[in-house]
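Engineer: Structure incoming, see below.
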Amino acid sequence: MQPPHSNAATSQSQSQATTAATEFHDAARETMEAKIREALETLSQIQVTVMNHESADEQVLQQRVDRLVRGFAEMHTAKDQLNASVPEEVLAYIRDGRNPDEFTSQFMERVASENQFTNGKIAALSNFKHEFEEKLREFFPEESSERLDRQKPVQKDDA
């Protein structure tokens with residue numbers, strides 16, 4: 003029979019496992035980003051080589067293309083270590099030839115607008131509550147005072 007584990011020990015081991023998984027994922031993401039930067043640099047070098055093409059440059063061009071293909075193969079292998087999800091809307095922006103930063107900007111504007119709308123609803127409900135309580139106290143002073151005073155949350159003093 004195994005000894006029972008304490009909740010603190012279980013929580014600590016889960017926290018350590020989560021931290022290790024996060025660090026692994028961050029390292030995998032950084033590796034992938036480095037490979038993407040290398041591929042972009044290689045593409046840039048290929049472009050320069052092709053623009054200034056001379057017969058002597060064919061071997062250099064071949065080496066750069068080989069390096070690019072190896073880089074793509076390494077990215078393909080490394081992709082399984084990543085757990086990144088990209089919203090379908092962002093992929094649609096990219097497919098349509100649009101800038102994904104535009105999606106982010108529009109999304110943030112939409113969230114800010116919805117946040118303002120929600121804050122307006124909260125303020126309206128709060129005002130309604132205060133007015134309703136005032137009217138209750140005005141028309142039913144004895145009953146409402148007892149009931150409303152009992153329902154008020156206790157405020158803690160910040161000393």
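Sequential numbering from 3 applies to the sequence shown in this note's numbering. The beta carbon of each residue, even a glycine, is placed where N, CA and C say it ideally should be.
Please say whether L70 and I38 have beta carbons closer to each other than 8 Å?
Structural biologist: No, the pair does not count as a contact, with Cβ atoms beyond the cut-off.
Engineer: Give every residue of the same chain whose Cβ lies closer than 8 Å to the Cβ of N85, excluding the five residues on either side of it in the sequence, and list them in chain order.
Structural biologist: Contacts found: H27.
Engineer: The alpha helix (DSSP H) with R149 in it runs from where to where?
Structural biologist: It spans P143 to Q153 - the alpha helix (DSSP H) in which R149 sits, taken as one unbroken run.
Engineer: What residue range is occupied by the uninterrupted alpha helix (DSSP H) comprising G73?
Structural biologist: Start and end: E60 to A80.
Engineer: With DSSP run on the structure shown, which of helix, strand or coil describes E56?
Structural biologist: The answer is coil: DSSP assigns E56 none of H, G, I, E or B.
Engineer: Taking Cβ to Cβ, would you say R1 is nearer than 8 Å to T51?
Structural biologist: Outside the modelled stretch of the chain, which goes from 3 to 161, sits residue 1, for which no answer is possible.
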